[in-house]
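Engineer: So the protein sequences, as listed, match chains A and B. If you read the first sequence in our numbering, its first letter stands for residue -11, the second for the next number, and so on. If you read the second sequence in our numbering, its first letter stands for residue -11, the second for the next number, and so on. Every residue, glycine too, gets a C-beta built ideally from N, C-alpha and C.
There are 2 protein chains.
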Amino acid sequence: MEYRDAGVRLEAAEEATRRIRAALRTALTPEVLAGVGAFAGALDADRLKSYAHPVLLASTDGVGTKTLLAVRAGRLRGLGHDLVNHGVDDLLAAGGWPLFFLDYLAADRLNPQAVAELVEGVAEAARAAGMPVLGGETAEMPGVYRRGAVDLAGTIVGVAERSELPDPSRVRPGDRILALPSSGPHTNGYSLIRRVIGDRDLFAPCPELGGASLADRLLAPHRSYLPEWRRLRAAELLPKVAAHITGGGVYGNLPRVLPPGLGAVLRRGSWSEPPVFAFLKNLGGIPDREMFAVFNMGLGMLLVYDPASAEQVLGLVDEAQAVGEVVEGQGVVVEGVDG
Amino acid sequence: MEYRDAGVRLEAAEEATRRIRAALRTALTPEVLAGVGAFAGALDADRLKSYAHPVLLASTDGVGTKTLLAVRAGRLRGLGHDLVNHGVDDLLAAGGWPLFFLDYLAADRLNPQAVAELVEGVAEAARAAGMPVLGGETAEMPGVYRRGAVDLAGTIVGVAERSELPDPSRVRPGDRILALPSSGPHTNGYSLIRRVIGDRDLFAPCPELGGASLADRLLAPHRSYLPEWRRLRAAELLPKVAAHITGGGVYGNLPRVLPPGLGAVLRRGSWSEPPVFAFLKNLGGIPDREMFAVFNMGLGMLLVYDPASAEQVLGLVDEAQAVGEVVEGQGVVVEGVDG
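Okay, structure coming up:
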């Protein structure tokens, strides 16, 4: 829990440091060992011994250039949620359950309030995921970052029972594909988004967005699917495989969890697309195919089930939608986009 | 092991991707579960069950603005070693042993060869530490980074037996402080270094450096103390506490592992200072006190032992040097610097 290189100074810095400490404390769990971590965070891992065969899972990721939009809008707290929830969803798709999180935050100059707001967002999302922020680093690096720019990276570490890991070899033609909805672009496609929106007012109400502003719709935090996952686990209805739809859209992410010889058909219209995608498409004149190759298009997470289990899941999780099937072949076809 | 957002393209990119894959393969261990990690890397953690009480330790860190000097010199491989070895040493000081590593690499534009060279460095150092690179992310973010600039962050995760964690409460006045030598500035003080050296030729032989170049002396990789730690463990001579000397020098880092009411006296002249520090001091007119507050000054890692164990360690580890003692009081005094 070291923010010693933060370069946060004087009174503003002290206030920010207090906020950061208070925020990180809210995400503490009884497993965090205090007073050990002068050079590393420490987590009591005794519960791993209760696993028949524990597997550790880990993923590092950033939030891309969504940071630039958030800095422009002066809304940094959501980026903390983005960072954590992106990691949580990657972990869930890989079959893991959260153990702890670490963050890395770098900028040309660190504004103490901005750092505090970001870390508060990280801590809020980590607490919601029931995991502590075991470590963090903030680095001030003039000469590396552009003025006002910031970059964020996070690492999530989780655990799984080896026998419960997702297993692509269990996927069969005819399996149903269910979707959990996204809140918007999540953390992907922001270079394209920034090109398309140019210097438009981020705060003006947009009729095309039902009166919401671009800031509201484009900075909505990456959604965590942990609540749904917990309900699925309680009902013994975890998916055969799951794909977290990030950069590359459904074309890039769904094939990663399908075995050789199997592909997928998704039917456009079978799920609701957040209006911000049509807004971006129209404003930028972006072909549908490119939209689906860049954005999640409302499909935050795809889950694969045999037909009977799929019905049960649809009854259990209100927001889940049946969006397609596994088929012989390869790759992903989106009916209504790819013909 | 995803480098999917690398933006590495065409032939140069394919060659770089091959190099990256080959490099990461060399660091694989039998515990890495292949085919699981579509969205996260997976490590078989069954051996944790053999611990009486396992503790997971983790640390995230970057390499600061050493990146700018390395980019200028066109030597990126060493940065990979810096990133990994900094993490290894943080972990060792916290009492942990390496399990796995993840890296994050971002730049305005990614040069495929540069990425490959960096990741090769990461893989080489990870392999030397006996741990796999379980995940990685490369992000191309124009608008965030300055032209040609790159940032690197790494996360190390390790394990310890709870009863073997370092314990500041065991430190006593009169305990000896031993040092393991650094290779140079390691990864700290590079903003000051860049200011001091200005646009000097990085490759010209320097008489003050025994004919070595600035590039050779300033880009020497952060040294890993894992080989020494293994020998110490085999001899049951792990330190009571250890301080990895990073940003803040001995003043900032040694007190972090001393209990309240105890301080330390170090005697300048009792260890060898790499000549690059005197070179920087003279060139920049930097007071000694500032040198010791910014740089490790040759003290890469400090280890605290009772006097009898210290003697054994000095007999066991050739490079270890007795540099001071624990005393009543607080803070660190360097005799010959602080009077």
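My output table needs one value for A111/B: the three-state DSSP class, helix, strand or coil.
Structural biologist: What you label residue 111/B is simply residue 123 of the second sequence in a count that begins at 1. Here A111/B sits in helix by DSSP.
Engineer: DSSP on E307/B, reduced to helix/strand/coil?
Structural biologist: Indexing the second sequence from 1 puts residue 307/B at position 319. Note: E307/B maps to coil in three-state DSSP.
Engineer: State the CB to CB distance for the pair P265/A and G235/A, rounded to an integer number of angstroms; the pair is presumed to be in contact (CB under 8 Å).
Structural biologist: What you label residue 265/A is simply residue 277 of the first sequence in a count that begins at 1. What you label residue 235/A is simply residue 247 of the first sequence in a count that begins at 1. It is worth fixing the name first, because residue 265/A is Phe in this sequence and not Pro. Actually they do not touch by this definition, with Cβ atoms about 15 Å apart.
Engineer: Excluding the five sequence neighbours on either side, which residues of its own chain have a C-beta within less than 8 Å of the C-beta of L56/A, listed in chain order?
Structural biologist: Here residue 56/A is taken as the residue at index 68 of the first sequence, counted from 1. The residues are A137, Y178 and R182.
Engineer: Give the single residue among Y293/A, T5/A, L268/A and V292/A whose Cα lies nearest to the Cα of V282/A.
Structural biologist: In the first sequence, counting from the first residue as 1, residue 282/A sits at position 294. Per the Cα distances, L268/A.
Engineer: For G162/A and M289/A, I'd like the C-alpha separation in whole angstroms.
Structural biologist: The residue labelled residue 162/A in the question sits at position 174 within the first sequence. The residue labelled residue 289/A in the question sits at position 301 within the first sequence. Spanning the two alpha carbons is a distance of roughly 19 Å.
Engineer: Note down, in chain order, every chain B residue with its Cβ under 8 Å from the Cβ of E125/A.
Structural biologist: Within the first sequence, residue 125/A is the residue found at index 137, counting from 1. Here the neighbours are T48, D49, G50 and A141.
Engineer: Residues of chain A with CB under 9 Å from M350/B, in chain order?
Structural biologist: Not covered by the structure: residue 350/B. The range shown for chain B is -11 to 327.
Engineer: Verify the CB distance criterion: does P42/B have a CB-CB separation below 8 Å to chain A?
Structural biologist: The count along the second sequence starts at 1 and reaches residue 42/B at position 54. It does; some Cβ of chain A falls within 8 Å.
Engineer: Using the three-state DSSP reduction, which class does L79/B fall into: helix, strand or coil?
Structural biologist: For the purposes of this step, residue 79/B is identified with residue 91 of the second sequence, where counting begins at 1. Here L79/B sits in helix by DSSP.
Engineer: Can you give the Cα-Cα distance for A28/A and R150/B, rounded to whole angstroms?
Structural biologist: Along the first sequence, one-based indexing puts residue 28/A at 40. Along the second sequence, one-based indexing puts residue 150/B at 162. Going from the Cα of A28/A to the Cα of R150/B covers about 14 Å.
Engineer: Output the distance between the C-alpha atoms of D78/B and E278/A, rounded to the nearest integer angstrom.
Structural biologist: Position 90 of the second sequence, counted from the first residue, corresponds to residue 78/B. Position 290 of the first sequence, counted from the first residue, corresponds to residue 278/A. Going from the Cα of D78/B to the Cα of E278/A covers about 44 Å.
Engineer: How would you list, in chain order, the residues of chain B whose beta-carbon sits under 8 Å from the beta-carbon of D78/A?
Structural biologist: Within the first sequence, residue 78/A is the residue found at index 90, counting from 1. Near D78/A (Cβ distances below 8 Å), the residues of chain B are F27 and A28.
Engineer: Going along chain B, which residues have a C-beta under 8 Å from E145/A?
Structural biologist: Within the first sequence, the letter at position 157 stands for residue 145/A. Before going further, note that residue 145/A is Val rather than Glu in the sequence given. Those are L44, A46 and V145, listed as they occur along chain B.
Engineer: When you compare only the Cα positions, how much space is there between V(-4)/B and S38/A?
Structural biologist: By one-based count along the second sequence, residue -4/B stands at place 8. By one-based count along the first sequence, residue 38/A stands at place 50. In this prediction, V(-4)/B has a pLDDT of 41, which is less than 50 and means its spatial position is unreliable; nothing more can be read from the coordinates.
Engineer: With distances taken Cα to Cα, identify the nearest neighbour of H210/B among F88/B, V229/B and R65/B.
Structural biologist: For the purposes of this step, residue 210/B is taken as the residue at position 222 of the second sequence. H210/B has its Cα closest to that of R65/B, out of F88/B, V229/B and R65/B.
Engineer: Determine the direct distance from the alpha carbon of E(-1)/B to that of L225/A, and round the result to whole angstroms.
Structural biologist: On the first sequence, residue 225/A is found 237 positions in, with the first residue counted as 1. On the second sequence, residue -1/B is found 11 positions in, with the first residue counted as 1. Going from the Cα of L225/A to the Cα of E(-1)/B covers about 44 Å.
Engineer: Residues of chain A with CB under 7 Å from G84/B, in chain order?
Structural biologist: On the second sequence, residue 84/B is found 96 positions in, with the first residue counted as 1. Residues of chain A passing the Cβ test: A28.
Engineer: Which same chain residues, not among the five before or five after A208/A, have their C-beta less than 7 Å away from its C-beta?
Structural biologist: The count along the first sequence starts at 1 and reaches residue 208/A at position 220. Within the same chain, A208/A has close Cβ partners S171 and G172.
Engineer: For L242/B, does the three-state DSSP call read helix, strand or coil?
Structural biologist: As a first step, residue 242/B must be located in the second sequence, where it is residue number 254. DSSP places L242/B in helix when its eight states are reduced to three.
Engineer: If you drop the 5 nearest sequence neighbours on each side, which residues of the same chain put their C-beta closer than 7 Å to that of W85/B?
Structural biologist: To locate residue 85/B, count along the second sequence from 1; it is residue 97. The answer, listed in chain order, is G146, V147 and A148.
Engineer: Looking at the C-beta of H232/A, does it have a partner C-beta in chain B at a distance below 8 Å?
Structural biologist: In the first sequence, counting from the first residue as 1, residue 232/A sits at position 244. So yes, H232/A belongs to the interface.
Engineer: Could you tell me which residues DSSP puts in a beta bridge with S179/A?
Structural biologist: For the purposes of this step, residue 179/A is taken as the residue at position 191 of the first sequence. Per DSSP, none; premise fails for S179/A.
Engineer: Under 8 Å between beta-carbons, which chain A residues line up against F88/B? List them in chain order, please.
Structural biologist: Taking the second sequence and counting its residues from 1, one reaches residue 88/B at position 100. Those are L44 and A46, listed as they occur along chain A.
Engineer: Classify F88/A as buried or exposed, calling it buried when 16 or more other Cβ atoms lie within 10 Å of its own Cβ.
Structural biologist: Position 100 of the first sequence holds residue 88/A. It counts as buried.
Engineer: Identify whether A94/B lies in helix, strand or coil by the three-state DSSP scheme.
Structural biologist: By one-based count along the second sequence, residue 94/B stands at place 106. Looking at A94/B - three-state DSSP - the assignment turns out to be strand.
Engineer: When you compare the stretch 298 to 315 of chain A with the stretch 214 to 229 of chain A, are there three or more beta-carbon pairs, one atom per stretch, that lie closer than 8 Å?
Structural biologist: With a cut-off of 8 Å, the stretch 214 to 229 of chain A and the stretch 298 to 315 of chain A count as touching, because enough Cβ pairs lie within range.
Engineer: Along chain A, which residues have their Cβ under 9 Å away from the Cβ of L31/B?
Structural biologist: As a first step, residue 31/B is located in the second sequence; it is residue number 43 there, counting from the start. What L31/B touches in chain A: V43, L44, L45 and A46.
Engineer: Just by C-beta distance, which residues in the stretch 216 to 227 of chain A are closer than 7 Å to chain B?
Structural biologist: Listed by position along the chain: nothing, the set is empty.
Engineer: With a threshold of 8 Å between beta-carbons, can D276/A be considered close to chain B, or not?
Structural biologist: Taking the first residue of the first sequence as position 1, residue 276/A is located at position 288. Not closer than 8 Å to any Cβ of chain B, the Cβ of D276/A fails to qualify, so no.
Engineer: My parser needs the alpha helix (DSSP H) runs of 4 or more residues fully inside the stretch -1 to 50 of chain A; what are they?
Structural biologist: Those alpha helix (DSSP H) runs which fall completely within the stretch -1 to 50 of chain A and span 4+ residues do not exist here.
Engineer: Which same chain residues, not among the five before or five after V43/A, have their C-beta less than 6 Å away from its C-beta?
Structural biologist: Indexing the first sequence from 1 puts residue 43/A at position 55. Contacts found: A148 and R150.
Engineer: In three-state terms, what does DSSP make of S201/A?
Structural biologist: Sequence index remark: in the first sequence, residue 201/A carries index 213 (1-based). Note: S201/A maps to strand in three-state DSSP.
Engineer: Any beta-carbon of chain A closer than 8 Å to the one on D326/B?
Structural biologist: Indexing the second sequence from 1 puts residue 326/B at position 338. With 8 Å as the cut-off, D326/B does not count as an interface residue toward chain A.
Engineer: Counting Cβ pairs, one atom from each stretch, are 3 or more of them under 8 Å apart for the stretch 121 to 140 of chain B and the stretch 94 to 105 of chain B?
Structural biologist: Cβ pair count under 8 Å is three or more, so yes.
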